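Q: In this note's numbering, the protein residues as written are 1432 to 1552. Yeah, the Cβ is synthetic: ideal placement off N, Cα and C, and Gly gets one too. This one's a predicted model, so the numbers in the text were calculated from it and none came from an experiment.
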Amino acid sequence: MAKKVILDNAVHERDFFTDVMAVVRCIPEGRVTSYGAIARYLGASRSSRIVGYCMNKAHGLQPAVPAHRVVNRVGLLTGKHHFATPSRMMELLAKERVRVQNDKVVDFERLFWDPSKELTL
DNA sequence: TCCATGACGAGAT
DNA sequence: GATCTCGCCATGG
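1) Quick one: grab the DSSP three-state call for residue 1507.
2) Which of the three DSSP states, helix, strand or coil, is assigned to residue 1443?
3) Taking the DSSP output, what are the residues bridged to residue 1543?
4) Could you please give me the residues that DSSP links to residue 1493 through a beta bridge?
5) Bridge partners for residue 1501 per DSSP, in chain order?
6) Could you give the residue range of the alpha helix (DSSP H) that holds residue 1473?
7) For residue 1535, write down the residues that DSSP places opposite it in a beta bridge.
8) Let me know the secondary structure DSSP gives residue 1485 once reduced to three states.
9) Can you give the Cα-Cα distance for residue 1457 and residue 1518, rounded to whole angstroms?
10) Alpha carbon to alpha carbon, what distance is there between residue 1515 and residue 1455?
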């Protein structure tokens, strides 16, 4: 069901960028996922870099995109420098009860949210 | 159209 | 297991 919604949203633009935004906005509060996971869900497992690239443009977009819930495959907050302040990303995660240590998500595997699994096919 | 860029990932060392 | 190297491909100039 959720996927249907995402596809509907994506249909409007049909851009990779829009698809990415749609998935990111589906990430539940207090959970995190990886660029690669999003890419895989969109059937572009080899375009993980593009996902991150798009997040850059997503900055300041409306409705807001919870980019802070997206980290790299090991749970590292690699994109924190692209926020208003380097600590912004960590603060946002902290608000959602997500602990971060050394720019890395604690219990990453437990909090990991895989769209291709959690979002129902 | 071609070239450079990059918030990644997987395999090799 | 920390680093290095290379492949990937959407975007923008």
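A: In this structure, then:
1) Reading the first sequence from its first residue, position 76 is the one you call residue 1507. The answer is strand: DSSP assigns residue 1507 an E or B state.
2) Along the first sequence, one-based indexing puts residue 1443 at 12. Caution is warranted here: a pLDDT of 42 is assigned to residue 1443, below 50, making its placement in the model unreliable, and no coordinate value can be reported.
3) Taking the first residue of the first sequence as position 1, residue 1543 is located at position 112. Paired residues: 1463.
4) Translated into positions along the first sequence, residue 1493 becomes position 62. Partner(s): none; residue 1493 has no beta bridge.
5) Locating residue 1501 in the first sequence gives position 70, where the first residue counts as 1. Beta-bridge pairing links residue 1501 to 1464.
6) Here residue 1473 corresponds to residue number 42 of the first sequence, with the count starting at 1. Here residue 1473 belongs to no alpha helix (DSSP H), and DSSP marks it neither H nor E.
7) Stepping through the first sequence from its first residue, residue 1535 is reached at position 104. DSSP lists 1507 and 1532 as partners of residue 1535.
8) Taking the first sequence and counting its residues from 1, the one referred to as residue 1485 is at position 54. Residue 1485 falls in the helix class under three-state DSSP.
9) Taking the first sequence and counting its residues from 1, one reaches residue 1457 at position 26. Taking the first sequence and counting its residues from 1, one reaches residue 1518 at position 87. Residue 1457 and residue 1518: Cα-Cα distance of roughly 23 Å.
10) For the purposes of this step, residue 1455 is identified with residue 24 of the first sequence, where counting begins at 1. For the purposes of this step, residue 1515 is identified with residue 84 of the first sequence, where counting begins at 1. Near 19 Å, if we compare the C-alpha coordinates of residue 1515 and residue 1455.
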